[in-house]
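Colleague: With my numbering applied, the sequence shown closes on residue 437, and no number is skipped along the way.
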Amino acid sequence: MATAAPTLRPRRDIPFGRPMIGEAEKAAVIAALGSPTLTHGPRVRQFETDFAAFTGAERAVATSSCMASLHMAYLALGIEPGSEVIVAAQTHIATAHAAELCGATCVFVDCDKDGAIDVAQVESAICSRTRAIAIVHYAGFPVDIAALKRVAERHGVPIVEDCALALGTRFNGAHVGLHGDIGCFSFYPVKHITTGEGGMVISRRADLLDRVSRLRAFGIDRNIVSERALPGEYDAIELGLNYRMSEIAAAIGIEQLRRAPEFLERRRENFTLLREGLAGGDDLWPLHESQPVADVGVYCLVAMLSARLTRVRPQLMRALSGHGVGASVYYPRPVPAMSYYRHKYAYDLSRFPRAGLISSASIALPIGPHLDAADIRYMIETIPDAIQEALSA
Ligand SMILES: *Cc1c(COP(=O)(O)O)cnc(C)c1O
């Protein structure tokens, strides 16, 4: 029988993510509940203004989720049946699902060894039906968007940036989401900041933001002519949705955004400490091993596993969990390997070797602001034990 080495280390509880909701958020929610407007009101407008200031955007539009943001981004770009959208294979399914909901065909492209979309493969995938290129800033690390923009501009194809894991990430000094045509953010509970559920859209293009504002509220004209319209009088000028953010969510968002610089700093510190502690491991080592993080809103630490540890990844996750460490996988399969896409497109999955490797041979470790340096040191000490337990299970 395999026996784990006795450990005197007191167990710590280190969930993968935990929303950082404090008294300010709670008070803001109570205040919002006491106001006459529960959705689409002054708090939403303030959160949009604050978010624009935070990212350096001229304007931001709040939505109900990142998925909703992506859906409207594609609609605003005119994605429709017959359109092709080039999508990173290594992303959250929402990046692809939103394009599918517009009736588009997804054309998947593999990533590089760090999980960023392979720009050379994007160029080969462009054809006369291509209407957008959808990328993700994986784990918060920016895609080389300058190179991607050269390709996109050469072919006149707009870029959609999925920034759900990249709040606080800047590339060449400008926040992600402002390099391509439109950028989409998530405020899901374990992202950098949360509103419970929520999202945001930023863009340098006023035409796209006007269109998104209208789409999020049934396609009615009220946003534009609200001053002139009679109460109860409005017109639907296009087919729209209800993807609005509530005042309650925005109240939380305003407070969370105030704390974002502190959250981001903690993420960078935790990531740097954990990366140093895991560097050079034979069975487990950090991806993004040498990238600077000063301008990165780093989301998690993706650790690559040796072949022998990959074979026992479930046991490793269980061993970590036994020590109180909540690991995750980003993402469990490349999008084209998800059943819906496999059935629809029947891609030869050997076309996505790097996304396949990250999916099958990595784990994501927590670095969020709910953790301090003692938690990170605990993980650095515990991970070798968990590896031994998994290998001898
Ligand atoms: C979490 C996530 C989403 C989905 O965000 P929601 O706000 O839950 O819709 C989309 N894309 C990426 C890259 C994500 O990580």
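Glycine residues also receive a C-beta, built at the ideal position from the N, C-alpha and C atoms.
Beta-carbon within less than 6 Å of Gly227's beta-carbon, same chain only, minus the 5 sequence neighbours each way: which residues are those?
Modeller: Numbered from its first residue, the sequence shown carries residue 227 at position 183. The residues are Glu205, Cys207, Gly221 and Ile246.
Colleague: Using beta-carbon positions only, say whether Glu128 and Cys155 come within less than 9 Å of one another.
Modeller: On the sequence shown, residue 128 is found 84 positions in, with the first residue counted as 1. On the sequence shown, residue 155 is found 111 positions in, with the first residue counted as 1. Result no, Cβ atoms of Glu128 and Cys155 do not sit closer than 9 Å.
Colleague: Which residues in the same chain have their Cβ closer than 6 Å to the Cβ of Gly324, if we skip the five residues on either side of it in sequence?
Modeller: Mapped onto the sequence shown, residue 324 falls at position 280. The answer is none, since no qualifying residue turns up.
Colleague: Look at Arg288 and Ala106 and say whether their C-beta atoms are less than 9 Å apart.
Modeller: Here residue 288 refers to the residue found at position 244 of the sequence shown. Here residue 106 refers to the residue found at position 62 of the sequence shown. The answer is yes: Cβ separation under 9 Å.
Colleague: Hey, out of Ala132, Arg395 and Arg362, whose CA is closest to Asp429's CA?
Modeller: Counting from 1 along the sequence shown, the entry for residue 429 is found at position 385. Considering only alpha carbons, the answer is Arg362.
Colleague: Beta-carbon separation of Ala399 and Pro378 under 9 Å?
Modeller: As a first step, residue 399 must be located in the sequence shown, where it is residue number 355. As a first step, residue 378 must be located in the sequence shown, where it is residue number 334. Yes, they are a contact pair.
Colleague: Taking only the alpha-carbon atoms, compute the straight-line gap between Lys193 and Ile203 and give it to the nearest angstrom.
Modeller: Indexing the sequence shown from 1 puts residue 193 at position 149. Indexing the sequence shown from 1 puts residue 203 at position 159. The straight-line gap from Cα to Cα measures roughly 8 Å.
Colleague: Return the chain-ordered ranges of every beta strand (DSSP E) run that is complete within the segment 339 to 407 and spans a minimum of 3 residues.
Modeller: 345 to 349
Colleague: With respect to the beta strand (DSSP E) encompassing Pro336, which residues constitute its N-terminal and C-terminal limits?
Modeller: As a first step, residue 336 must be located in the sequence shown, where it is residue number 292. Taken as a continuous stretch (DSSP letters only), Pro336 belongs to no beta strand (DSSP E), as it is neither H nor E.
Colleague: What is the C-beta distance between Cys146 and Tyr118, in whole angstroms, given that I count them as a contact (C-beta under 8 Å)?
Modeller: Numbered from its first residue, the sequence shown carries residue 146 at position 102. Numbered from its first residue, the sequence shown carries residue 118 at position 74. Between Tyr118 and Cys146 the Cβ distance is about 5 Å, and since that is below 8 Å, they are a contact.
Colleague: Measuring alpha carbon to alpha carbon, tell me which of Cys344, Gly263, Ile179 and Thr213 ends up nearest Cys225.
Modeller: Taking the first residue of the sequence shown as position 1, residue 225 is located at position 181. Here the sequence assigns Asp to residue 225, which means Cys is not the residue at that position. Minimum Cα distance to Asp225 is reached at Ile179.
Colleague: Going straight from the alpha carbon of Glu425 to that of Ala295, what length do you get?
Modeller: Residue numbering aside, residue 425 sits at position 381 when the sequence shown is read from its first letter. Residue numbering aside, residue 295 sits at position 251 when the sequence shown is read from its first letter. Each residue's alpha carbon lies about 39 Å from the other.
Colleague: According to DSSP, which residues form a beta bridge with Ala75?
Modeller: For the purposes of this step, residue 75 is taken as the residue at position 31 of the sequence shown. DSSP, once it has assigned bridges, lists no residue as partnering Ala75.
Colleague: Kindly examine ligand 1 and report whether one of its heavy atoms sits closer than 8 Å to the Cβ of Ser406.
Modeller: Taking the sequence shown and counting its residues from 1, the one referred to as residue 406 is at position 362. Ligand 1 never approaches Ser406 closely enough for any of its heavy atoms to be under 8 Å from the residue's Cβ.
Colleague: Drop a sphere of 10 angstroms on the beta-carbon of Ile268, count the other beta-carbons inside from all chains shown, and report buried for 16 or more, exposed for fewer.
Modeller: In the sequence shown, residue 268 corresponds to position 224, counting from 1. In this prediction, Ile268 scores a pLDDT of 47, lower than 50, which makes its location untrustworthy; no coordinate-derived value is stated.
Colleague: Can you round the beta-carbon distance between Pro186 and Phe215 to whole angstroms, since I take them to be within the 8 Å contact cut?
Modeller: Your numbering for residue 186 matches position 142 in the sequence shown. Your numbering for residue 215 matches position 171 in the sequence shown. That belief holds up - the Cβ atoms of Pro186 and Phe215 are roughly 4 Å apart, short of 8 Å.
Colleague: What residues are listed by DSSP as bridge partners for Val180?
Modeller: Within the sequence shown, the letter at position 136 stands for residue 180. Val180 is bridged to Asp206.
Colleague: Should Met111 be listed as close to ligand 1, given that the test is whether its C-beta is under 8 Å from any heavy atom?
Modeller: Position 67 of the sequence shown, counted from the first residue, corresponds to residue 111. The answer is yes for Met111.
Colleague: Hey, Cys110 and Gly243: beta-carbon distance below 9 Å or not?
Modeller: Locating residue 110 in the sequence shown gives position 66, counting from the first residue. Locating residue 243 in the sequence shown gives position 199, counting from the first residue. Their beta carbons are under 9 Å apart, which means Cys110 touches Gly243 by this criterion.
Colleague: Are at least three pairs of beta-carbons, each pair with one atom in the segment 333 to 344 and one in the segment 300 to 318, less than 8 Å apart?
Modeller: yes
Colleague: Below 8 Å, is the gap between the Cβ of Phe95 and the nearest heavy atom of ligand 1?
Modeller: Start at 1 with the first residue of the sequence shown, and residue 95 comes out as number 51. No, the beta carbon of Phe95 sits no closer than 8 Å to any heavy atom of ligand 1.
Colleague: Hey, how far is the Cα of Gly412 from the Cα of Ser334?
Modeller: For the purposes of this step, residue 412 is taken as the residue at position 368 of the sequence shown. For the purposes of this step, residue 334 is taken as the residue at position 290 of the sequence shown. The alpha-carbon atoms of Gly412 and Ser334 are separated by roughly 20 Å.
Colleague: Could you give the first and the last residue of the continuous alpha helix (DSSP H) run that contains Ala261?
Modeller: The count along the sequence shown starts at 1 and reaches residue 261 at position 217. No alpha helix (DSSP H) contains Ala261, which DSSP labels as neither H nor E.
Colleague: How would you write the range of the beta strand (DSSP E) that Phe152 sits in, first residue to last?
Modeller: On the sequence shown, residue 152 is found 108 positions in, with the first residue counted as 1. Segment Thr149 to Val153, the beta strand (DSSP E) holding Phe152.
Colleague: Ends of the alpha helix (DSSP H) at Gly297?
Modeller: Against the sequence shown, residue 297 aligns to sequence position 253. Start and end: Glu291 to Leu322.
Colleague: Start and end of the alpha helix (DSSP H) containing Pro330?
Modeller: One-based indexing of the sequence shown puts residue 330 at position 286. Segment Leu328 to Pro330 is the beta strand (DSSP E) holding Pro330; no alpha helix (DSSP H) there.
Colleague: In this structure, how does DSSP classify Ala106 when only helix, strand and coil are distinguished?
Modeller: Here residue 106 refers to the residue found at position 62 when the sequence shown is read from its first residue. The answer is strand: DSSP assigns Ala106 an E or B state.
Colleague: Phe307 and Asn286 look like a contact to me (Cβ under 8 Å); what is the Cβ gap, rounded to whole Å?
Modeller: By 1-based counting over the sequence shown, the position of residue 307 is 263. By 1-based counting over the sequence shown, the position of residue 286 is 242. The Cβ separation is near 30 Å, so there is no contact.
Colleague: Below 7 Å CB to CB, which residues in the same chain sit around Arg56 once its five sequence neighbours on both sides are set aside?
Modeller: Mapped onto the sequence shown, residue 56 falls at position 12. Cβ within range, chain order: Gly368, Asp419 and Tyr422.
Colleague: Run the CB neighbour count on Tyr384, radius 10 Å, all protein chains shown included, and call it buried at 16 or more, exposed below.
Modeller: Here residue 384 refers to the residue found at position 340 when the sequence shown is read from its first residue. If you draw a 10 Å sphere on the C-beta of Tyr384, you find fewer than 16 other C-beta atoms in it, and that means exposed.
Colleague: Considering Cα atoms alone, identify which of Leu360, Leu415, Ser372 and Met348 is closest to Lys157.
Modeller: Along the sequence shown, read from residue 1 onward, the residue named residue 157 stands at position 113. For the residues Leu360, Leu415, Ser372 and Met348, the minimum Cα distance to Lys157 belongs to Met348.
Colleague: Around the Cβ of Leu409, are there at least 16 other Cβ atoms within 10 angstroms (buried) or fewer (exposed)?
Modeller: Within the sequence shown, the letter at position 365 stands for residue 409. The residue in question, Leu409, is buried, as its Cβ has 16 or more Cβ neighbours within 10 Å.
Colleague: Which residue marks the beginning of the beta strand (DSSP E) containing Ser230, and which one marks its end?
Modeller: Counted from its first residue, the sequence shown places residue 230 at position 186. Going by DSSP, Ser230 is part of the beta strand (DSSP E) stretching over Ile226 to Ser230.
Colleague: Kindly identify the DSSP beta-bridge partner or partners of Ala218.
Modeller: What you label residue 218 is simply residue 174 of the sequence shown in a count that begins at 1. Assignment of beta-bridge partners to Ala218 by DSSP yields Phe215.
Colleague: Do Pro125 and Ala148 have their beta-carbon atoms positioned less than 9 Å apart in this structure?
Modeller: Locating residue 148 in the sequence shown gives position 104, where the first residue counts as 1. Locating residue 125 in the sequence shown gives position 81, where the first residue counts as 1. For Ala148 and Pro125, yes; Cβs fall inside 9 Å.
Colleague: How would you write the range of the beta strand (DSSP E) that Met244 sits in, first residue to last?
Modeller: In the sequence shown, counting from the first residue as 1, residue 244 sits at position 200. Gly243 to Ile246 is the span of the beta strand (DSSP E), which, as asked, contains Met244.
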